[in-house]
Amino acid sequence: MNGESRKNAPQYLERGTLLAKKYRLEKMIGGGGFGQIYRATDIVVAAKVEPQSEDAGRMVLEQMVLTKLVGTRHSPRLYASGWLHTYNFIVMQMLGRNLTDGDPMFFNFQTVRVGIQIVEALKAVHDLGFLHRDVKPSNMCVGIGEHRRIIYLVDFGMTRQFRMSNGNFRKERVYAAFRGTMRYVSLSVHERKEQGPVDDLWSVFYTLVELAEGSLPWRTITDHDEIFKMKRASTYGNLCRYGCI
251 MNGESRKNAP QYLERGTLLA KKYRLEKMIG GGGFGQIYRA TDIVVAAKVE PQSEDAGRMV
311 LEQMVLTKLV GTRHSPRLYA SGWLHTYNFI VMQMLGRNLT DGDPMFFNFQ TVRVGIQIVE
371 ALKAVHDLGF LHRDVKPSNM CVGIGEHRRI IYLVDFGMTR QFRMSNGNFR KERVYAAFRG
431 TMRYVSLSVH ERKEQGPVDD LWSVFYTLVE LAEGSLPWRT ITDHDEIFKM KRASTYGNLC
491 RYGCI
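In structure tokens, the structure reads:
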């Protein structure tokens, strides 16, 4: 479903609905396969809403990770969470556009600036012992107002803990189900291997190439095996045709 279709989809909650007895919904501003995003006011905030019938664990996980990331520079501030009727919600800091909006091709200095900030964002996540597992341009948002030069990493519903609180690493699985977005995942994810921090960084690499070049060679390909073959055969030279990063 494309962005326009999502915005025209039936809304889960009506305009004026009050969340956490404080945040009033104004309008839907986005959505995807797992929920809808609304603009809401007390101060201007974003509210993410998902049906309880769907994978409720995603939102619980996202809330937990956002709580752990409080005080870090590149994650949205969490204001409230809960449920209303048959929907779960989290209320977060309002952000600006994501990096799939606007110009399809970045200048090199812009790409470098994004790369530095996203690596900083991932370091905060990895230092907590978690993987993001869905790093891509649409999960990177620009701040607004005084935060307009900050890039935020969003959507923590696919995170997984790889290091426990006692410092021990989680036991590696022989087979790991596919998690991520096919265009940006590493070869190891295609091969259904256990993910680690390096796989998030491969997604950063593919993201930066796309921002600098305008697209990736497999952008229009939907077949999993074909994308895997193209990635495996790719070199820095044929990915960065215009001398990116």
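251 is the number of the first residue of the sequence shown in this note's numbering; add one for each residue after it.
Positions of the beta carbon are idealized from the N, C-alpha and C atoms, including for glycine.
Coarse secondary structure for residue i, derived from DSSP in three states
i       : result
Ala-296 : strand
Asn-389 : helix
Gln-411 : strand
Arg-363 : helix
Leu-496 : The displayed coordinates of the chain run from 251 to 495. Any statement about residue 496 would go beyond what the structure contains.
Met-278 : strand
Val-435 : coil
Ala-290 : strand
Leu-372 : helix
Gly-266 : coil
Met-251 : In this prediction, Met-251 has a pLDDT of 44, which is less than 50 and means its spatial position is unreliable; nothing more can be read from the coordinates.
Leu-378 : coil
Per-residue burial, residue i [other beta carbons within 10 Å of its own, 16 or more giving buried]
i       : result
Ile-366 : exposed
Lys-298 : buried
Thr-524 : A question about residue 524 goes unanswered here, because the residues of the chain that appear run from 251 up to 495.
Ile-340 : buried
Val-320 : exposed
Ser-436 : buried
Asn-488 : exposed
Pro-354 : exposed
Ser-465 : exposed
Rounded C-alpha distance that separates residue i from residue j
i       : j       : result
Val-454 : Gly-430 : 12 Å
Lys-277 : Tyr-329 : 18 Å
Arg-323 : Ala-374 : 9 Å
Ala-427 : Glu-441 : 10 Å
Arg-469 : Arg-433 : 7 Å
Leu-331 : Gln-411 : The question names Leu, but residue 331 is Ser in the sequence shown. The straight-line gap from Cα to Cα measures roughly 21 Å.
Lys-479 : Ile-471 : 11 Å
Gly-253 : Lys-318 : Only weak support exists for where Gly-253 lies, its pLDDT of 49 falling under 50; the coordinates are left without a value.
Gly-417 : Asp-450 : 20 Å
Gly-352 : Thr-291 : 26 Å
Host beta strand (DSSP E) of residue i (start-end)
i       : result
Ala-483 : Run containing Ala-483: none in the beta strand (DSSP E); it sits in the alpha helix (DSSP H), 474-483.
Leu-403 : 401-403
Residue span of the alpha helix (DSSP H) that contains residue i, given as start and end
i       : result
Ser-331 : First-last for Ser-331: 328-334, but that is the beta strand (DSSP E), not the alpha helix (DSSP H).
Leu-458 : 447-463
Tyr-337 : Looking at the DSSP string, Tyr-337 is not in any alpha helix (DSSP H); the run it does join, the beta strand (DSSP E), is 337-343.
Gly-487 : 486-489
Nearest residue (CA-CA) to residue i, options the options
i       : options                               : result
Phe-359 : Gly-487, Tyr-486, Asn-488 and Glu-463 : Glu-463
Trp-294 : Leu-461, Glu-422, Arg-308 and Leu-275 : Checking the sequence, you will find Val at residue 294 rather than Trp. Considering only alpha carbons, the answer is Leu-275.
Tyr-337 : Gln-261, Leu-489 and Val-448          : Gln-261
Gly-446 : Asp-384, Thr-485 and Val-404          : Asp-384
Phe-419 : Gly-379, Tyr-273, Val-315 and Ser-303 : Gly-379
Glu-312 : Leu-269, Val-439, Leu-345 and Gly-285 : Gly-285
Thr-409 : His-376, His-397 and Arg-289          : His-376
Lys-481 : Arg-491, Tyr-456 and Leu-461          : Tyr-456
Ser-303 : Ile-279, Arg-265, Leu-334 and Met-314 : Leu-334
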